[in-house]
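Worksheet: the structure to be examined is printed underneath.
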Amino acid sequence: MSRPTLKAVFGENPSSRFRDICSRILVFCNSRSLRDGICVHSPVIKLGFEDDLYLSNNLLCLYSKCRGLEQARQFFDEMPHRDVVSWTGLLSAYVKSGNHQKALQFLYSMLMSGQTPNEYTLSSVLRSCCALEEFDLGSCIHTYIVKNGMESNPILGSNLIDLYSKCGYREEACNILMHMENSDAIAWTTMISSFLEERKWNLALHLYLRMVEAKVPPNEFTFVKLLAASRFLGLKYGMLIHAHLTMWGTQLSLILKTALVHMYSRFHKMEDAIKVFSLTPDCDAFLWTTIISGFVQSSKVREAIEAFLLMEVSGVTANNFTYSSLLTACSSILSLELGQQLHSRVILVGLDEDVSAGNALIDMYMKCSCTVENAFQVFRCIYSPNVISWTTLIAGLAAHNHIRESFQFFLEMQKAGVEPNSFTLSSILGACGTAEYPTHAMQLHGFIVKSKADHDISVGNALVDAYAGLELFDDAWGVISTMDHRDTITYTTLATRMNHAGHHGMALKVIRHMVKEDVVMDEFSLACFLSASAGMNEMISGRQLHCCSVKSGLGRWISVSNALIDLYAKCQCMKDAHKAFEEMPEPNTVSWNGLIGGLVSRGNISPAFSMFEDMRLSGVKPDSVTLLLVLSACSHGGLVDLGLEYFHSVKEAYGIAPELLHYNCLVNLLGQAGRLDEARDMIENMPLKQYAMIYKTLLSACRVHKNVPLGEEMARKGMELDPFDHTFYLLLAKLYDASGKSDLGDGTLQMMRDLRSFPRLNQRVSFAGEKFNMQM
DNA sequence: TTAGGGTTAG
1 MSRPTLKAVF GENPSSRFRD ICSRILVFCN SRSLRDGICV HSPVIKLGFE
51 DDLYLSNNLL CLYSKCRGLE QARQFFDEMP HRDVVSWTGL LSAYVKSGNH
101 QKALQFLYSM LMSGQTPNEY TLSSVLRSCC ALEEFDLGSC IHTYIVKNGM
151 ESNPILGSNL IDLYSKCGYR EEACNILMHM ENSDAIAWTT MISSFLEERK
201 WNLALHLYLR MVEAKVPPNE FTFVKLLAAS RFLGLKYGML IHAHLTMWGT
251 QLSLILKTAL VHMYSRFHKM EDAIKVFSLT PDCDAFLWTT IISGFVQSSK
301 VREAIEAFLL MEVSGVTANN FTYSSLLTAC SSILSLELGQ QLHSRVILVG
351 LDEDVSAGNA LIDMYMKCSC TVENAFQVFR CIYSPNVISW TTLIAGLAAH
401 NHIRESFQFF LEMQKAGVEP NSFTLSSILG ACGTAEYPTH AMQLHGFIVK
451 SKADHDISVG NALVDAYAGL ELFDDAWGVI STMDHRDTIT YTTLATRMNH
501 AGHHGMALKV IRHMVKEDVV MDEFSLACFL SASAGMNEMI SGRQLHCCSV
551 KSGLGRWISV SNALIDLYAK CQCMKDAHKA FEEMPEPNTV SWNGLIGGLV
601 SRGNISPAFS MFEDMRLSGV KPDSVTLLLV LSACSHGGLV DLGLEYFHSV
651 KEAYGIAPEL LHYNCLVNLL GQAGRLDEAR DMIENMPLKQ YAMIYKTLLS
701 ACRVHKNVPL GEEMARKGME LDPFDHTFYL LLAKLYDASG KSDLGDGTLQ
751 MMRDLRSFPR LNQRVSFAGE KFNMQM
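Residues in the first sequence are numbered from 1 upward in steps of one, following full-length UniProt numbering.
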């Protein structure tokens, strides 16, 4: 078969036909970013068309789109001739790829070469000025635009509005908009976006109305921007924008649809979100992820998984963001199994090095697994861990009580060049509020002040919490006084810590500071202050707070109702406690515990048992506190066998893991009843770490029943665990006295005094013929 | 040559 001649392919004028075909190929490929178009490059040179600027500029554009900036630059450098389109082509490629500094350098070369920029060049340069906040150069360009009569160009107008607003000159930006002869929707939307970014809601909405008055119809871009503000302005506002965009007959593009779905799902209105979702058939991974994440945020995990399966069936591939959302669902329901299944999928689709998927996996393993190993493995896999990866790891370590390691990683992250942010600092501060790490809190405080992170209220609050957790209340107040402003969390944190430390009166005084600063109470603070009143058995403040709960409507919160029950139960006003309980639409375990606790503390054993049975009948699950209350009730009534029966049956039926306090209560019950050997067996066989406290309990019982040998054994074992706890000496001395061995009792007390005088010495202590090695 | 959507940490 003979080869077709040039004439056969390109007709009578092959040269012009060839050029025409090449131009068509390049235009086609450029519009679709198809790299195949570059294949015309070599015939273009061979046939001597390299001087053709139209072909060359199109090729340059294709190189920058498909082969990267370096090859495009090489092509540009090799061009025998260049015009303003060639220069602008490469410059805009730099801008599009975010190389703004290079773009501005390239502008300088362009000007040095004598080439005059046109509107297209200036538009690109203004974008770079905007990104780099190069206001001086930007305003020079503005002057150039005015001088050269280009100010009526609407694109340049929008670019200038963007530049002035991003550089903080919003008034000037607004002036440009108002003086534009032919302002379009883009110019108005740019200005509205700028106000929205600054959270100047009124100004943004006012401008939207002015836009309408100026007879510039808003478009989908305008509404996407306005919808994003619903995050701060609420559901009603979002619905209003929805009504407006419908009224304007705005085309529901995929992006606008996603923004609407996001707005509804943000407010847990999943039915409305689905309605919008179904309005048009187009879908992509963004939209599906928005739906899935909406279900996750609304705690509808099953629906989220179903949406994920539907997404796959519809042929849309899940991406890293989709997996992040799904993994959050696993963390929220603590499902390690589902998390592991998703992890396998993440690996299967090759996202195991992705930072977003990785971060969600770290969080899932930290929350769902009892060890930190899996989270570490994921962290090591991430190609480039970011501040969220490090923070999640640090917070997870702290939550698993690996405090030392969490500090190590805090230092490691800085060594790796990742700057901690307010999330990191508040996470690590959360680990400082324990007695073992006071210096860490102070060191972190120094770091925070140096890095000026203390202006962030969440960091300030975390510092207050750390100091207050260490019972360093003066330091906590010190932090509060230097904070830019304080919120409900600041004071609730402080008062909660004061309550934990038993300083209930101090906690109640915090209210004065809140009132003075107009800081409004929320359901958490009110519950906290009610708890302080309960701790003090203080009915006056308690009643005032009760009034406050009614007036403010905070009484509908379950935490407030439970605090009220606790308050009245502790103050022995069982009638009011019952009333608060009756008013609750759905009492939970804590509510029942409050009532039972009140009855037990008053010695009303029989009503307490019947209340417990009512609780079981109502279907509310007892927890470890309920079990403890039931055991205390048995203790009050000396009901040993009933106590043992409850202990075994309740822990089995409700899967409650017995804690030290439960065993302590049982040991007391058995001991007081004289069943000392059983009590001793219980201590020896309990599946928990031994604590000194439980030996004191049995030692006290030994005194009642004058069992010296067992008492001595308990004292010895307890002192081995806590050699400087003087209570053992006191209890033992009382046992000796009660058993008619006053001399031994006196000797034991003398030893206690000696120990007080030399508390830090290693010494051998003996009593009743036994020797003890006191270790420090 | 201009503007727009989704995830993950306290």
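Just so you know, even glycine gets a beta-carbon here, dropped at the ideal spot from N, CA and C.
Here the structure is a predicted model, which means the values were calculated and not measured.
Could you give the distance in angstroms between the alpha-carbon of residue i and the alpha-carbon of residue j?
i, j, result
"E770", "T434", "Low per-residue confidence applies at E770: pLDDT is 43, beneath 50, and the placement is therefore not dependable enough to give any value."
"M112", "L90", "16 Å"
"T391", "I605", "49 Å"
"Q775", "P723", "For Q775, the predicted structure reports a pLDDT of 30, less than 50, and the residue's modelled location is therefore unreliable. A value from the coordinates is still provided. Each residue's alpha carbon lies about 7 Å from the other."
"L59", "F195", "40 Å"
"G98", "L69", "11 Å"
"K450", "I255", "43 Å"
"D677", "E353", "59 Å"
"E220", "A466", "47 Å"
"T496", "G460", "16 Å"
"D576", "I565", "8 Å"
"D83", "S406", "59 Å"
"V301", "F647", "35 Å"
"E198", "Y169", "12 Å"
"W592", "S325", "36 Å"
"C548", "G478", "29 Å"
"T424", "G603", "48 Å"
"L631", "R616", "16 Å"
"D623", "L661", "13 Å"
"P281", "G249", "18 Å"
"L122", "L156", "8 Å"
"L530", "Y437", "30 Å"
"N153", "V125", "15 Å"
"S481", "C140", "46 Å"
"L47", "A416", "55 Å"
Grab the span of the alpha helix (DSSP H) containing residue i for me, first residue to last.
i, result
"H455", "No alpha helix (DSSP H) contains H455, which DSSP labels as neither H nor E."
"K275", "270-277"
"W477", "473-482"
"D518", "Segment: none, D518 is in no alpha helix (DSSP H) and carries neither H nor E."
"H244", "235-247"
"M686", "Unbroken run through M686: none, as it is neither H nor E."
"C571", "Neither: C571 is in no alpha helix (DSSP H) and is coded neither H nor E."
"K651", "640-654"
"I186", "185-197"
"Y144", "135-147"
Can you tell me whether residue i is helix, strand or coil according to DSSP?
i, result
"C665", "helix"
"C283", "coil"
"V620", "coil"
"Q414", "helix"
"D20", "helix"
"W288", "helix"
"Y208", "helix"
"Y323", "helix"
"K166", "helix"
"P607", "helix"
"S42", "helix"
"I347", "helix"
"residue 803", "The requested residue 803 is not part of the displayed model; the chain covers only 1 to 776."
"L761", "Residue placement at L761 is flagged as unreliable, the pLDDT there being 39, under the threshold of 50; the coordinate-derived value follows with that caveat. Three-state result, L761: coil."
"H503", "coil"
Got a sec? Which residues, its chain only, sit under 8 Å from residue i by beta carbon, not counting five neighbours each side?
i, result
"T222", "A185, W188, T189, I192, Y208, M211"
"L749", "Y729, L730, A733"
"P759", "In this prediction, P759 scores a pLDDT of 46, lower than 50, which makes its location untrustworthy; the coordinate-derived value is nonetheless stated afterwards. Once the five neighbours on either side are set aside, the close Cβ partners of P759 are F724."
"Q297", "S265, R266, H268"
Can you find the residues in the same chain that come closer than 7 Å, C-beta to C-beta, to residue i, ignoring five residues on each side of it along the sequence?
i, result
"S458", "S422, S426"
"G711", "L699, C702, R703, L732, L735"
Got a sec? Which residues, its chain only, sit under 6 Å from residue i by beta carbon, not counting five neighbours each side?
i, result
"E133", "C167"
"L226", "I241"
"A679", "V667, L670, G671, L698"
"R127", "V95"
"L554", "E523, L526, V560"
Tell me whether residue i, by its Cβ, gets closer than 7 Å to a heavy atom of the ligand NAP.
i, result
"H400", "The ligand NAP is absent from the structure shown, which contains no ligand whatsoever."
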